[in-house]
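This report concerns only the one structure given below.
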Amino acid sequence: MKALLKFLTIQISFIILSIIIPPAIQTSAKWINYHLFFSDKESIAGEKDPTLLSHRMISFDKENNIITSETAAMAYGNTLKYLHSVRDKCNPNVKTTNFLECANNILGDNFYYHQSPMVSLAWA
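In the working numbering, the protein residues as written are 204 to 327.
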């Protein structure tokens, strides 16, 4: 029984690794592409604002040692810069779809889209 349990544990581990490793390789390739074409974008270090969901998500990555404090600071600053841009440039008194279109356009100006297993790496 113990041998069967050990065997199943090993098999499950291999299955999990086979699911995790290919996306990690793809993510690395996308990061290289990002740095080649978008590394000249200004990154601003910032402080955590616990009232913002985005900052709590970044904090989760930092608290679980997924990212460094430097990366977290950049992600805090970049997301805060985006939110301030939306506040300054998008009229909240228009239809919701118009407001979201404005916010989405600003999002594209501030962040290069790529899949990332961690939100803070994508936002840093």
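Note that the Cβ used here is the ideal one computed from N, Cα and C, for glycine as well.
Asked	Found
For Ile270, the three-state DSSP class (helix, strand or coil)	coil
Asn313 vs Lys292 beta-carbon contact at 8 Å	no
Alpha-carbon spacing of Thr299 relative to Asp264, whole angstroms	31 Å
Residues near His288 in its chain [Cβ-Cβ closer than 6 Å; skip 5 each side]	First, the residue type needs correcting, since residue 288 is Ser and not His in the sequence shown. Answer for Ser288: Ile309, listed in chain order.
Secondary structure of Cys305, DSSP reduced to three states	helix
Best match in Asn296, Phe302 and Ala276 for proximity to Glu250 [C-alpha to C-alpha]	Ala276
Inter-residue Cα distance where the pair is Ser262 and Asn268	10 Å
Inter-residue spacing [alpha-carbon to alpha-carbon] between Ala206 and Thr212	10 Å
DSSP state of Asp264 mapped onto helix, strand, coil	helix
Asn294 to Glu266 span [Cα, whole Å]	36 Å
Reference Ala248; option with closest CA among Thr282, Leu256 and Thr254	Thr282
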